[in-house]
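Protein chains in written order, with UniProt numbering: chain A, 1 to 243; chain B, 1 to 243; chain C, 1 to 243; chain D, 1 to 243; chain E, 1 to 243; chain F, 1 to 243. Built from N, CA and C at the ideal position, the CB exists for glycine as well. Here the structure is a predicted model, which is why all the values come from computation and not from measurement. Quick notes on the structure that follows.
There are 6 protein chains.
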Amino acid sequence: MSDIQQTALVVSAHSADFVWRAGGAIAKHVKQGWRVKIVCLSFGERGESAKLWKQQGMTLGRVKAARQEEAQQAADILGGEVEFWDIGDYPMRVNDEILFRMVDIYRELQPSFVLSHSVKDPYNFDHPLAMHLAQEALVTAQAMGHNPGQKIIGAPPVYAFEPHQTEQCEWIPNTFLDITDVWETKRRAIECMAGQEHLWHYYTRVAQQRGVQAKRNIGIASKRDIEYAEGYMRLAPSVVDTL
Amino acid sequence: MSDIQQTALVVSAHSADFVWRAGGAIAKHVKQGWRVKIVCLSFGERGESAKLWKQQGMTLGRVKAARQEEAQQAADILGGEVEFWDIGDYPMRVNDEILFRMVDIYRELQPSFVLSHSVKDPYNFDHPLAMHLAQEALVTAQAMGHNPGQKIIGAPPVYAFEPHQTEQCEWIPNTFLDITDVWETKRRAIECMAGQEHLWHYYTRVAQQRGVQAKRNIGIASKRDIEYAEGYMRLAPSVVDTL
Amino acid sequence: MSDIQQTALVVSAHSADFVWRAGGAIAKHVKQGWRVKIVCLSFGERGESAKLWKQQGMTLGRVKAARQEEAQQAADILGGEVEFWDIGDYPMRVNDEILFRMVDIYRELQPSFVLSHSVKDPYNFDHPLAMHLAQEALVTAQAMGHNPGQKIIGAPPVYAFEPHQTEQCEWIPNTFLDITDVWETKRRAIECMAGQEHLWHYYTRVAQQRGVQAKRNIGIASKRDIEYAEGYMRLAPSVVDTL
Amino acid sequence: MSDIQQTALVVSAHSADFVWRAGGAIAKHVKQGWRVKIVCLSFGERGESAKLWKQQGMTLGRVKAARQEEAQQAADILGGEVEFWDIGDYPMRVNDEILFRMVDIYRELQPSFVLSHSVKDPYNFDHPLAMHLAQEALVTAQAMGHNPGQKIIGAPPVYAFEPHQTEQCEWIPNTFLDITDVWETKRRAIECMAGQEHLWHYYTRVAQQRGVQAKRNIGIASKRDIEYAEGYMRLAPSVVDTL
Amino acid sequence: MSDIQQTALVVSAHSADFVWRAGGAIAKHVKQGWRVKIVCLSFGERGESAKLWKQQGMTLGRVKAARQEEAQQAADILGGEVEFWDIGDYPMRVNDEILFRMVDIYRELQPSFVLSHSVKDPYNFDHPLAMHLAQEALVTAQAMGHNPGQKIIGAPPVYAFEPHQTEQCEWIPNTFLDITDVWETKRRAIECMAGQEHLWHYYTRVAQQRGVQAKRNIGIASKRDIEYAEGYMRLAPSVVDTL
Amino acid sequence: MSDIQQTALVVSAHSADFVWRAGGAIAKHVKQGWRVKIVCLSFGERGESAKLWKQQGMTLGRVKAARQEEAQQAADILGGEVEFWDIGDYPMRVNDEILFRMVDIYRELQPSFVLSHSVKDPYNFDHPLAMHLAQEALVTAQAMGHNPGQKIIGAPPVYAFEPHQTEQCEWIPNTFLDITDVWETKRRAIECMAGQEHLWHYYTRVAQQRGVQAKRNIGIASKRDIEYAEGYMRLAPSVVDTL
């Protein structure tokens, strides 16, 4: 892996999801020299912009612009590259053109891991759809007969980041990422989301709770200190040389 | 972790289980300089020694002796330290004296990981009981008020090694250990089990199948070659710095 | 909640489903002064009208008309308002136009709860699709940016009513509605389904079995008598002030 | 239900569990006039008293006394009656004498609901054992032939309160209790646990997160405000007259 | 299999369970020439004899005698051989002596299949215990080193018969036994249970519902008529020559 | 069933799937006089033809032709009739025209059982789609109002054949088909797949492992010998006269 820059892909249904749910992972890997690409499928313009809609004279275009600006700022702080695909939300719809565009991203980026939403979420159908797109594009990008001549990809692990109500989504974390050393960065990115201040506190507490649990899983006796963590559900087995 | 020798614990219900199911892990970590301790709770004298019992004039004592000799040879080849507790099989029963003896092992050994059977096995009740003992002893060894003054342990991950009929046991591998480089050693250990030659072939095929699957999970495109692997089900989340 | 009439929504894949599966709930809430709206997505004209199709010279149009008439009668007896959307069955297909029509219903009705089919049913793919429509429309109706200016809805609980083979559908009742006091009404509604007399008896027995189970769950010692009940699987947590 | 005082039972494995996990429910029902009885099976003296054990010259007796004092203070603040059974922890063991003692509690108390631990907890085997005791005692207390002549009980619902790592315990909340109005009381009870100050913050955050989720489940549009909540997993169906 | 009489084993926690849950299977196989042995572990004297306990001056001895008489009559009608082990109920407890007694039954009987309770039942802990005994005894009876010299058994399939609230018990029927031709016999056996007349009707309806479902699973178009059936959950795979 | 030839249907996503996964079932039933129809939805031209794509100047057309030829040879050896629908792979897409074409197959063939892929497969989305098509077509073929006048079908059982990584696919075999007597035929069919020689060995080992497990499920003591087997997951209950 030596001199080649490692890369990762984040597929975010709405423009703020990558901040709340994977901001620590983005910042942490960027800090380690990785290139992290973020695809925001929509701006969350219909379903996750309540505060903006309460302003008088608000239009879809203005909501999108405001949301894009916030998300761009957050991505800049985290150090990730962000693309906005503007495919619509509530309901989100994906066709093969969008799928193949994502396949191209995979083949160009050759990511070492992929982050997206939980496979199930009864409160939000855009989220599982984004994950399904991430998974189906991965499988297609592995197929030698899809756009033959392009470089196919390997089998990067796909992780589901944390949904809002984990237990209702059958989401079980099997991996905790220690984000203590990038927490300040994540918090600054979070604070770009001007219209959702109540969520700043909510996701700060999520990071604290996962920090305590991560600590619990290495043992209270361990000297290592973890204050903030992000939980992930890895969907496929890992291959290791040491248990 | 530097100069201190890493250690691991294997809790095996019957005397051959550690060979079929974790022989690769034992050999691999020993090769990396680890100390690996194996506790055989029983010899499998009643339930897994059919061939011996078919010999005329066979007695329980002779079955146990023969099984112990085979298992000791296998452990020697793998490089693990083995203890035989002779608590009986089919049915296996565990009391608090046995539990506390296992707790002592944990505290003395301070293992970095623990291997035992699947949590469920409708074909064999000794197996889940061995795992339960491994888990309950770990929890007790973490309790500061149990034999206060002794050094408590951290939170080593517990892995369930592969049962015979995985799908019936709700056993889902989330970790593949590449054992290609120690396969010959494992195979030699397997061949110590004189009375179960049909299982030599069965578990060789298991290792091959898991090797193909491990390869699949790093991607066919990967240059790394894996011929033999062991599957493990890690029961608690891992804590990482890179996804 | 005082003076405002409470409302509920029932989404029925085929025209008789709401009778067998939710007739008691409809009658019971109507009796309590509620307005209950029923949307029949199809007439069950292809897949659930066997007896009609056995008549000579039967046409799709005549089947639909007969089924609509029965369902209208049943709805009248139960006291519910029924709409027939005629989107076809076996297979049922839903597009965004239908979705948005359902969203409009939610926003106009502002239901306090929603009833539809089980999330899974390997014997019938129209049923889970109807539930999915009910759920996706609810989520869309909550999105402030969908048709801004309309009144959005809260978070009414969605309940899955009882499928035919519960255990094959992963349907687990967590709520029993006592329908003893409206049973006669439900039975009269059931008897409108002229072509499915065998189901009259089947669903009468279902109501009796659920009645016995409801009684079991309040305790045999309880003075309250329950003879007939309907089982429901509530899909999201309830919020309470007393346990 | 008129003039008879309602009652509830809380079965707590260790002496602080009822505070972190059910303190709000206790305070809330006491405030509504209920009698709430708490059984602490152990003091958590071995496994949950690390800070005490770090003091020099500490003995099991002194740990127990300190833990009892804290728990008694917390129970007094919450308004619950507490009994300490001192059956030992890490590992906890239950025999029929203890079971029948719990059956007597059920029959005397005639509780309207019961709270205990999650049915599964791979980090702590005392917790599921306490729940199992609560369930088996309930079933026995319903049996007319157990101590005939005593008054048998009905079928009070059993709820599992929140474990430490919910997703690893297959614990899924289906009921949120709004504890906003008794939060200050619960917090004061929490602060009795002098040796576990880090948990004060942890469980305060738990209450805040569940508060946000409870609010989410009644709908953001609702006028009702919820700041703090406790999550519960009800294990058996409820019987209702309105959905 | 020719001339040797086929045999089956039914392990019933309480004395009436075999009638409600497996009476059809017993009668049907007896009619086909099988020997069916029933072991009633208890009389259900404490937990399932409410009506008897309401009589004045009732004693445990009299309850047991009455229950035994009913069960013996029912077994006679069905054609099964019944043994009463009187090990107590609510709570039921099993030790190794009881286990080995059951192992002896297996080895003597050499059953072609085994019927017992569901593996899980949150309403009744005696039921899963009876099934566990049936399973552990089977595994022990297969162990050549248990009482060497005795004839070991093969691997007869174990089926869980229908519990009271199937969905709460994670019981999913994968096998329907058509009992239409022995229904009258089962009904007569049911009517021996003088004190539980309400259950006569309940289990008659169960048989009718399962009959309808069995018919559904062979296809409405099938000419075969099924009026009554029993549902079973087979716990291990079957081995076949035709799918 | 007498004189009428029994029939079966196999729905294969890619042109080699039916060979690896169901070749034994096809050969075995053909040997028993059955007519077995295989529908290959695609040739696996994009996703499962890596070796062909590595040849210079390869085109989609040439890949398809090569794959068809291999599959045709394999089908001929097994004795099945094969149709190639060429609907594309990676990603596979199904519309109503394809659904109705499959319905026509069902109604013409009147199969006694149906084989297709696992319901879930996170490594391959074509596979579950093929199964969904098989299931939805079956349900539609049962609907009297679909193309009234045609002969509807009964309720043939649907079996999921073995996916590549069973545990990741929630695939649990409940039926083992003994294919020892047709193994040589299956192996010859396998060898038609010139470009996937590594899979010859993989699926030979699969057959051997399932053979050992099938043997384990009838009992080691059984005289019947099984060397090769195929595992199937039957999705709906069976209806029987003997357990």
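Nearest neighbour of residue i, chosen from the options [CA to CA]
i	options	result
Gln86(F)	His127(F), Val39(F), Thr59(F) and Leu243(F)	In the sequence as presented, Gln is not what sits at residue 86(F); that position holds Asp. Residue Val39(F) is the option with its Cα nearest to Asp86(F).
Trp34(C)	Glu136(C), Glu45(C), Gly79(C) and Arg46(C)	Gly79(C)
Trp53(D)	Gln150(B), Trp171(B) and Leu177(B)	Gln150(B)
Gln68(C)	Pro237(C), Val240(C), Gly231(C) and Ala194(C)	Ala194(C)
Met102(B)	Asp76(B), Gln72(B) and Thr140(B)	Thr140(B)
Ser222(D)	Leu99(C), Gln110(C) and Arg62(C)	Gln110(C)
Val240(E)	Gln208(F), Arg187(F), Leu177(F) and His201(F)	Leu177(F)
Gly219(B)	Ala155(A), Glu227(A) and Arg187(A)	Ala155(A)
Thr46(D)	Asp126(D), His127(D), Ala137(D) and Asp89(D)	Contrary to the premise, residue 46(D) reads as Arg rather than Thr in this sequence. Residue Asp89(D) is the option with its Cα nearest to Arg46(D).
Ser118(D)	Asp76(D), Pro148(D), Ala65(D) and Pro163(D)	Pro163(D)
Lys37(E)	Ser116(E), Tyr228(E), Gly61(E) and Met58(E)	Ser116(E)
His146(B)	Leu243(D), Ala50(D), Ala66(D) and Pro148(D)	Ala50(D)
Ile4(E)	Ser112(E), Phe125(E) and His201(E)	Ser112(E)
Three-way DSSP call (helix, strand, coil) for residue i in this model
i	result
Ile87(F)	coil
Lys64(F)	helix
Leu177(B)	strand
Ile152(F)	coil
Leu109(C)	helix
Thr166(C)	helix
Tyr159(F)	strand
Glu81(F)	strand
Val239(F)	strand
Val119(A)	coil
Val114(B)	strand
Rounded separation between residue i and residue j - CA only
i	j	result
Asn174(B)	Lys215(F)	28 Å
Val237(E)	Val82(D)	According to the sequence shown, residue 237(E) is Pro rather than Val. Their Cα atoms are separated by approximately 50 Å.
Glu97(C)	Pro91(A)	12 Å
Ala130(A)	Asn95(A)	12 Å
Met1(F)	Gly211(E)	Residue confidence is low: Met1(F) scores 44 on pLDDT, short of 50, so the model does not pin down where it sits. No coordinate-derived value is stated.
Asp225(D)	Gln213(D)	12 Å
Ala27(F)	Gln196(F)	21 Å
Met144(A)	Leu133(D)	58 Å
Gln6(E)	Phe18(B)	39 Å
Arg187(D)	Arg205(D)	11 Å
Ile190(C)	Val63(C)	18 Å
Ala75(B)	Phe100(B)	24 Å
Trp171(C)	Arg93(D)	36 Å
Cross-strand partners of residue i (DSSP beta bridge)
i	result
Met144(D)	Bridge partners of Met144(D): none, in fact.
Ala13(C)	Note: Ala13(C) sits in no beta bridge, so no partner.
Thr7(E)	Arg35(E)
Glu230(C)	Leu177(C)
Cys40(E)	Ser12(E) and Phe84(E)
Inset, instruction - Would you check if the stretch 11–20 of chain C and the stretch 40–51 of chain C touch, i.e. whether three or more CB-CB distances between them fall below 8 Å? - result: yes
Inset, instruction - Determine contact between the stretch 22–31 of chain E and the stretch 175–189 of chain E, defined as no fewer than three beta-carbon pairs at a distance below 8 Å. - result: yes
Inset, instruction - Inspect the CB distances between the stretch 156–164 of chain E and the stretch 223–234 of chain E and report whether three or more fall short of 8 Å. - result: yes
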